[in-house]
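In the numbering used here, the protein residues as written are 2 to 157.
C-beta: ideal position from N, C-alpha, C; glycine also.
The structure presented is a predicted model; accordingly, all values stated were derived computationally and were not measured.
Written out below as structure tokens is the structure these notes cover.
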């Protein structure tokens with residue numbers, strides 16, 4: 002990652018959220034699914050005019066699917082997922098389905114009401130879901146895709 006590691010005025014290193022890593026992995030995987038090529042590093046757009054680039058740790062392209070892994074750098078945040086491999090597998094979805102999320106290994110599912118997600122949905126928070134949808138739409142627009150995809154997120 003090109004910007005992780007920069008020091009803030011507090012002396013602490015910046016890092017990235019699991020959602021930012023999943024967004025980057027999704028962007029690279031969907032690009033590869035449509036073009037056959039993985040952008041490495043892959044750049045994403047975040048709030049506050051941030052545009053970090055992420056190196057791909059793993060990449061796999063197979064018939065109808067692309068998988069990308071990004072190693073999470075949480076900076077100096079005491080995050081249990083620091084150093085984890087955030088992997089995303091993208092496949093084509095049914096026409097008109099939009100972006101569907103699936104929980105892979107290491108990602109839970111909502112089991113009780115009370116969260117801003119339906120019971121049974123993967124435990125991927127609303128903001129990362131929004132970022133993933135926005136980046137899928139941007140990749141689809143650039144490469145004549147439909148934007149109808151299944152995004153399976155894993156954290157190892």
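Cβ neighbour criterion (16 or more within 10 Å) applied to residue i
i	result
residue 153	buried
residue 88	buried
residue 2	Note that residue 2 scores a pLDDT of 41, beneath 50, so its modelled location is shaky and nothing firm can be said.
residue 143	exposed
Candidates the options, of which the one nearest residue i by Cα
i	options	result
residue 136	17, 21, 13, 72	21
residue 55	97, 70, 110, 129	70
residue 79	109, 148, 93, 18	18
residue 12	58, 67, 34, 77	77
residue 132	104, 45, 109, 35	45
Beta-carbon proximity check, residue i vs residue j, cutoff 8 angstroms
i	j	result
residue 156	residue 107	yes
Simplified DSSP assignment, three categories, for residue i
i	result
residue 17	coil
residue 135	helix
residue 2	Confidence at residue 2 is low in this model, with a pLDDT of 41, below 50, so its placement is unreliable and no value can be given for it.
residue 40	coil
residue 59	strand
residue 35	helix
Beta-carbon separation (whole angstroms), residue i vs residue j, contact threshold 8 angstroms
i	j	result
residue 150	residue 32	Rounded, the Cβ-Cβ distance is 12 angstroms, inconsistent with contact.
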